[in-house]
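Student:
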Amino acid sequence: MGRLVPAVTRALDILELFLDGDGTLSAPDIVRKLQLPRTTVHELVTTLAARSYIVPLPGQPGRYRLGVRPYQLGSRYAEQLDLAAEGQQVARSVAETCDETVHVAILEDTDVIYIAKVDSTHAVRMVSAAGRRLPAHCTSVGKMLLASLPEQELAARIPDGAELTAMTPNSITDPAALREALAGIRQLGIAVESRESNPDVSCVAAPVRDRAGQVVAALSISVPMIRWSDERRAELAELAVKGATELSERLGHRSMG
1 MGRLVPAVTR ALDILELFLD GDGTLSAPDI VRKLQLPRTT VHELVTTLAA RSYIVPLPGQ
61 PGRYRLGVRP YQLGSRYAEQ LDLAAEGQQV ARSVAETCDE TVHVAILEDT DVIYIAKVDS
121 THAVRMVSAA GRRLPAHCTS VGKMLLASLP EQELAARIPD GAELTAMTPN SITDPAALRE
181 ALAGIRQLGI AVESRESNPD VSCVAAPVRD RAGQVVAALS ISVPMIRWSD ERRAELAELA
241 VKGATELSER LGHRSMG
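Counting from 1, position 152 in the sequence shown corresponds to residue 152 in full-length UniProt numbering; the numbering is continuous, with no gaps.
Following this line, the structure appears as structure tokens:
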């Protein structure tokens, strides 16, 4: 790995300061936050402004906000993103950590479609495939995605009188019971499915967000019941959240936590 260039590092440090607070900064703010000499900050700010990375704030002399150039770079990066490809990479990393099957899925109407999958190396594992479609209410990824919908949209997709297909005896078939389950998922931030789509498998899922903060997918970890326990569930829930957060960051989402 080559040597880092101090001046470039400092310029990037300045740009990253604009991610916090109200998105505006003055030269004294930068001096205080980065503990850099005033002359150095002045030169860097002048250079960044000349290249349209930052621009003076109208009506507030000496204060700056981000310019158009970071937006152009971010837009080009976003154009190159592929949720399925990014999801497959993250799913592989999660699967290597826990050695269980990992899925990434999106919501289409009242079904989920799996867009990425990585198997465990165990002899007993999930039989599934990317591209498969399942009823959302029977899966952890589906319940996570349904829980993320606005109430009005959820009611339109699954009205009170809807008939919900049962995949196993444990599947939720009553819309009222489903809404109660989704309310709990919203509070916890994770979804758990216990033998609802497969009588021998349980799953835990976490939401994946895009750069606007919208839930666009969910990442799940599926485990045969012979390896499932309360302790294992808690461990995998934490890992699912970590994986979903990484995928969200790859999509441009910035966590406020």
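The beta-carbon is built from N, C-alpha and C at its ideal position, and this holds for glycine as well.
This one's a predicted model, so the numbers in the text were calculated from it and none came from an experiment.
If we ignore side chains and look at the alpha-carbon of each, how far apart do ASP230 and ARG195 end up?
Tutor: 14 angstroms
Student: Do THR165 and SER197 have their C-beta atoms closer together than 8 angstroms?
Tutor: Taking 8 angstroms as the Cβ cut-off, THR165 and SER197 do not qualify as a contacting pair.
Student: Rank LEU4, GLU16, VAL5, GLN35 by C-alpha distance to the C-alpha of ARG65 and give the top, closest one.
Tutor: Proximity to ARG65 across LEU4, GLU16, VAL5, GLN35 peaks at GLU16, based on C-alpha coordinates.
Student: Any idea if VAL124 is buried or exposed, counting beta-carbon neighbours within 10 angstroms, 16 or more meaning buried?
Tutor: With a pLDDT of 47 at VAL124, under the threshold of 50, the modelled position of that residue is not reliable, and the figure given next carries that caveat. Classification for VAL124: exposed.
Student: Measuring straight from C-alpha to C-alpha, what distance separates GLU30 and THR39?
Tutor: Here residue 30 turns out to be Ile, not Glu, going by the sequence shown. Their backbone Cα atoms lie some 12 angstroms apart in a straight line.
Student: From VAL5 to ASP13, what distance separates their C-alpha atoms?
Tutor: 12 angstroms
Student: With distances taken between CB atoms, is the gap from ALA85 to VAL118 smaller than 8 angstroms?
Tutor: no
Student: Would you please state the rounded distance, in angstroms, between the beta carbons of ILE115 and GLY74? I believe it to be under 8 angstroms.
Tutor: Their Cβ separation, rounded to whole angstroms, is 23 angstroms, which puts ILE115 and GLY74 out of contact at 8 angstroms.
Student: Taking all protein chains shown into account, do 16 or more other C-beta atoms lie within 10 angstroms of the C-beta of GLY243, making it buried, or fewer, making it exposed?
Tutor: buried
Student: Looking only at C-alpha atoms, which of SER52, VAL208, ASP22, THR9 sits nearest to GLN72?
Tutor: SER52
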